[in-house]
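Residues in the sequence shown are numbered from 0 upward in steps of one, following numbering that gives the first Met the number 0.
Working notes, structure below.
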Amino acid sequence: MRGKSSLKQLARLFSYVGPDKWAFIIALILVLFSSYANAVVPVLIRDALDLGVSARDWGSALYYGGLIILAGVVGGALSFAARLFQVKAAQNAVYRLRIEAFRAIQRQSMEFFDRTLVGQLISRVTNDAERVTGFLSFRVRMLAYSTTLIIVALYYMARMSGLLTLIALATIAIVLASNIVYAVKVRPVYDRIRRQTGTLAAEATSTLAGIKTVKALAVEEHLYARYDRENRRLMEEALNAARITALYGNLSFLVMGVAMAGMLYFGGPLITEGTLTVGELVAFLTYMLTMMWPLRALGFVIGDIQRALAAATRLFEIIDTAPRHTDPPDAVELREVRGEVQVEDVWFTYPSGKTVLRGVTLHVRPGEKILITGPPGSGKSTLLKLIARLYEPQKGTIKIDGVDIRKIKTESLRRIVAYVPQEPFIFNRSIRENIAIGKPDATPEEIIEAAKRAKIHDFIATLPRGYDTVVGERGVSLSGGQRQRIALARALLAKPKILLLDDPVSNLDAETERRLIEDLGEVLRGRTAIIVSQRLTMARLADRVVVMKDGRIVEMGKPEELAARKGLYREMLKAQGLLEEEVKAGGA
Numbered sequence: 000m001r002g003k004s005s006l007k008q009l010a011r012l013f014s015y016v017g018p019d020k021w022a023f024i025i026a027l028i029l030v031l032f033s034s035y036a037n038a039v040v041p042v043l044i045r046d047a048l049d050l051g052v053s054a055r056d057w058g059s060a061l062y063y064g065g066l067i068i069l070a071g072v073v074g075g076a077l078s079f080a081a082r083l084f085q086v087k088a089a090q091n092a093v094y095r096l097r098i099e100a101f102r103a104i105q106r107q108s109m110e111f112f113d114r115t116l117v118g119q120l121i122s123r124v125t126n127d128a129e130r131v132t133g134f135l136s137f138r139v140r141m142l143a144y145s146t147t148l149i150i151v152a153l154y155y156m157a158r159m160s161g162l163l164t165l166i167a168l169a170t171i172a173i174v175l176a177s178n179i180v181y182a183v184k185v186r187p188v189y190d191r192i193r194r195q196t197g198t199l200a201a202e203a204t205s206t207l208a209g210i211k212t213v214k215a216l217a218v219e220e221h222l223y224a225r226y227d228r229e230n231r232r233l234m235e236e237a238l239n240a241a242r243i244t245a246l247y248g249n250l251s252f253l254v255m256g257v258a259m260a261g262m263l264y265f266g267g268p269l270i271t272e273g274t275l276t277v278g279e280l281v282a283f284l285t286y287m288l289t290m291m292w293p294l295r296a297l298g299f300v301i302g303d304i305q306r307a308l309a310a311a312t313r314l315f316e317i318i319d320t321a322p323r324h325t326d327p328p329d330a331v332e333l334r335e336v337r338g339e340v341q342v343e344d345v346w347f348t349y350p351s352g353k354t355v356l357r358g359v360t361l362h363v364r365p366g367e368k369i370l371i372t373g374p375p376g377s378g379k380s381t382l383l384k385l386i387a388r389l390y391e392p393q394k395g396t397i398k399i400d401g402v403d404i405r406k407i408k409t410e411s412l413r414r415i416v417a418y419v420p421q422e423p424f425i426f427n428r429s430i431r432e433n434i435a436i437g438k439p440d441a442t443p444e445e446i447i448e449a450a451k452r453a454k455i456h457d458f459i460a461t462l463p464r465g466y467d468t469v470v471g472e473r474g475v476s477l478s479g480g481q482r483q484r485i486a487l488a489r490a491l492l493a494k495p496k497i498l499l500l501d502d503p504v505s506n507l508d509a510e511t512e513r514r515l516i517e518d519l520g521e522v523l524r525g526r527t528a529i530i531v532s533q534r535l536t537m538a539r540l541a542d543r544v545v546v547m548k549d550g551r552i553v554e555m556g557k558p559e560e561l562a563a564r565k566g567l568y569r570e571m572l573k574a575q576g577l578l579e580e581e582v583k584a585g586g587a
């Protein structure tokens, strides 16, 4: 079963060569001729010795010497041309494989990213793809070259001496058997090396992504120890692979040396008897030397087939687990959107097993502004992610204008609903590109208009390169408020009817928070807005407040109504020193 599976994976891998199959086939044909040109050299050496040197016919010696040079030149030229054709075909094949894997990663659900380390994914689309490239561009060529050379060599050897050919066959069988054992032993080791490389990359990615937190908490040594532990595991696996390779690789040289000694031992008497010439014995020894590298290379090729299959299998896993279509066949595109949101008996559990939403029902009218608040872990942010369809509920439905969001085309939904996360991701690109990331064809005027509405244009204008300023990885050169406003401009560029804001003031100081709240009042006009925040100053933007606790809605109503009740909202106001202010606002 394992063999059938490997053959199936190998066939699938070669299917990516399809569009360049003729370049690949031409390369293999050239390799065969190149191998043959090199395989006849020992025969030419035999003739140069027997017909030229031994017969003292120097003209023949020069003739065969010239043919040896010609065979070398022709073999080298053919090998060069074969490499050009095959590398082109291989690079194109791996390009198609890599881009398909990258597309598949983008199609994966959020649950996939919750359980998969980013470092592992990076390792697959880089290291694994490179392993496949090396196999298709070099190892396949070496397999064809080595096999052809060995077959041609055995043919000419059999014509010269049956006894010495049997020695050669026994040598080849022993070397190939050791190569097969090598391949069986080394594949699981290289599988572990690949996985461990991804784990190590994930450790480095995680640490470097949170370097500010690492330094602030002074946990460098702790994280260094974790990285050192994973790095040591990788080193141990690599050393294990090196030991296996060294043992079986050097075994080939030992066996070949013994075989050549045997040929000298048995070949001497044959020369004396006149059944073998000096030139033929030299040809046999030359063939053994010529086959030493191909036989050794076959071991590497067999091992590389295993490693390439392991790498390709990891890429195929990504491709096969990704949904082919994110939209059902009957998906619709909403037009004339009003902005009504209905959440009906929604339950949601994360892959970890933690249930965060328990029968949530909420109706948001078109143009209404809702503030969702409550203690940490009550399911507020998760509800926004479900409305944005980043996750799918296990039970219940979410509708926009009466249509289940699972029946709305994803592209249409993204135009209708804009989601601004609590920690907006800023790419290491220009501010212009960051704002237009969701609408690459946006005009400069549209980008500037969105920035003005998000109240970030004036700041951008003060920068030396304006909208072309590169903000650094994750927006490191920007403050929290500036990142929030760029993310808001990014959302507004699509002119969404429904805006979802996840704690937009969590990282802001009091003054920046006050200004953002004032600006949001203008931004939200004419839109349905659902805002998640524990900062109840945001309530001044809301028509209604929804209070959640333990995955359920426990209170709902106008801000002033909830402030007058003796409930969780009133307790939160009191804790934030806002109770008196809220009551006065209600009385007014």
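Here a beta-carbon is modelled for each residue, glycine too, at the ideal position from N, C-alpha and C.
For clarity, every value in this text was computed on a predicted model and none was experimentally measured.
Distance, residue 195 Cα to residue 572 Cα = The straight-line gap from Cα to Cα measures roughly 50 Å.
Who are residue 234's beta bridge partners in DSSP?
-> Paired residue(s): none; residue 234 is not in a bridge.
Can you tell me whether DSSP reads residue 0 as helix, strand or coil?
-> Residue confidence is low: residue 0 scores 45 on pLDDT, short of 50, so the model does not pin down where it sits. Its coordinate-derived value is still stated next. In this structure, residue 0 counts as coil in the three-state DSSP scheme.
Given a threshold of 16 other Cβ atoms within 10 Å of its Cβ, counted over all protein chains shown, does residue 268 qualify as buried or as exposed?
-> Residue 268 is exposed by the Cβ-count criterion.
Of all the options 218, 316, 418, 45, which has the alpha carbon lying nearest to the alpha carbon of residue 124?
-> Looking at the Cα atoms, 316 is the closest of the given residues.
Inspect the CB distances between the stretch 161-169 and the stretch 300-310 and report whether three or more fall short of 8 Å.
-> With the rule of 3 Cβ pairs closer than 8 Å, the stretch 161-169 does not count as touching the stretch 300-310.
Best match in 543, 492, 62, 38 for proximity to residue 292 [C-alpha to C-alpha] | Considering only alpha carbons, the answer is 38.
Does the pairing of the stretch 336-345 with the stretch 396-403 give three or more beta-carbon distances under 8 Å?
-> Flag = yes, the stretch 336-345 and the stretch 396-403 touch.
Report yes if the CB atom of residue 371 is closer than 9 Å to the CB atom of residue 356, and no otherwise.
-> With respect to residue 356, residue 371 sits apart: the two C-beta atoms are not nearer than 9 Å.
Could you check how far apart the C-beta atoms of residue 225 and residue 202 are, in whole angstroms? I think they sit under 8 Å.
-> At roughly 6 Å, the Cβ-Cβ gap stays under 8 Å, so residue 225 and residue 202 are in contact.
Taking the C-alpha atoms as reference points, what is the distance between residue 596 and residue 459?
-> Residue 596 is absent from the model: the chain starts at 0 and stops at 587.
In three-state terms, what does DSSP make of residue 371?
-> Note: residue 371 maps to strand in three-state DSSP.
For residue 259, which residues from the same chain have a beta carbon less than 7 Å from its beta carbon, with the 5 sequence-adjacent residues on both sides left out?
-> If the five residues before and after residue 259 are omitted, its C-beta is found closer than 7 Å to the C-beta atoms of 284, 287, all from its own chain and listed in chain order.
Which term fits residue 586, buried or exposed, when burial requires 16 or more other beta carbons within 10 angstroms of its beta carbon?
-> Since pLDDT at residue 586 reaches only 44, below the 50 mark, its modelled position is unreliable, and the value read off the structure follows with that caveat. It counts as exposed.
What's the gap between the Cα of residue 8 and the Cα of residue 314?
-> Approximately 11 Å between the Cα atoms of the pair.
Between the stretch 100-113 and the stretch 167-186, do at least 3 Cβ pairs fall closer than 8 Å?
-> The stretch 100-113 is not in contact with the stretch 167-186.
Alpha-carbon to alpha-carbon, residue 29 and residue 274 = Straight-line Cα distance between these residues: approximately 36 Å.
Taking the alpha-carbon positions, what's the residue 0 to residue 319 distance?
-> Model confidence at residue 0 stands at a pLDDT of 45, short of 50, so the residue's coordinates are unreliable; what they give is reported in the following sentence. Rounded to whole angstroms, residue 0 and residue 319 show a C-alpha spacing of 20 Å.
Going by the beta-carbon positions, is the gap between residue 401 and residue 339 smaller than 9 Å?
-> Yes. Within cutoff.
Are there three or more Cβ pairs, one per stretch, closer than 8 Å when the stretch 164-177 is compared with the stretch 61-68?
-> Cβ pair count under 8 Å is below three, so no.
Exposure label - residue 591; buried when at least 16 CB within 10 Å = The structure shown has nothing for residue 591, since the chain only spans 0 to 587.
Taking residue 501 as the reference, give the member of 422, 509, 568, 569 with the closest Cα.
-> Closest option to residue 501, judged by alpha-carbon separation, among 422, 509, 568, 569: 422.
Could you give the C-beta distance for residue 577 and residue 535, rounded to a whole number, given that I count them as a contact under 8 Å?
-> Contact between residue 577 and residue 535 holds: CB atoms are separated by about 5 Å, below the 8 Å threshold.
Taking C-alpha atoms, which residue in 376, 408, 373 lies nearest to residue 388?
-> The option with the nearest alpha carbon to residue 388 is 408.
Starting from the C-beta of residue 418, find all residues in its chain whose C-beta is less than 7 Å away, skip the five residues before and the five after it, and write them out in chain order.
-> Counting only Cβ-Cβ distances below 7 Å, and skipping sequence neighbours, we find 383, 387, 499.
Provide the residue span of the alpha helix (DSSP H) that contains residue 69, from first to last.
-> Run containing residue 69: 57-106, per the alpha helix (DSSP H) assignment.
For residue 521: DSSP bridge partner residues = Residue 521 is not bridged to any residue.
Closest Cα partner of residue 256 within the set 328, 169, 230 | The residue with the shortest Cα to Cα distance from residue 256 is 169.
Selected residue, minimal CA-CA separation from residue 434, among 51, 155, 487, 41 | Check the Cα spacing between residue 434 and each of 51, 155, 487, 41: the tightest is with 487.
Nonlocal neighbours in the same chain, by C-beta distance under 6 Å from residue 512, ignoring five residues either side | These residues qualify, in order along the chain: 504.
Is the beta carbon of residue 93 sitting closer than 9 Å to the one on residue 128?
-> It is a contact, given that the beta carbons lie within the stated cut-off.
C-beta contact flag for residue 47 and residue 60 at 9 Å | Yes.
Complete runs of the alpha helix (DSSP H) confined to the stretch 514-568 [at least 4 residues] | Here the runs fully enclosed are 558-563.
Could you spell out where the beta strand (DSSP E) holding residue 442 opens and where it closes?
-> Per DSSP, residue 442 lies in no beta strand (DSSP E) and is assigned neither H nor E.
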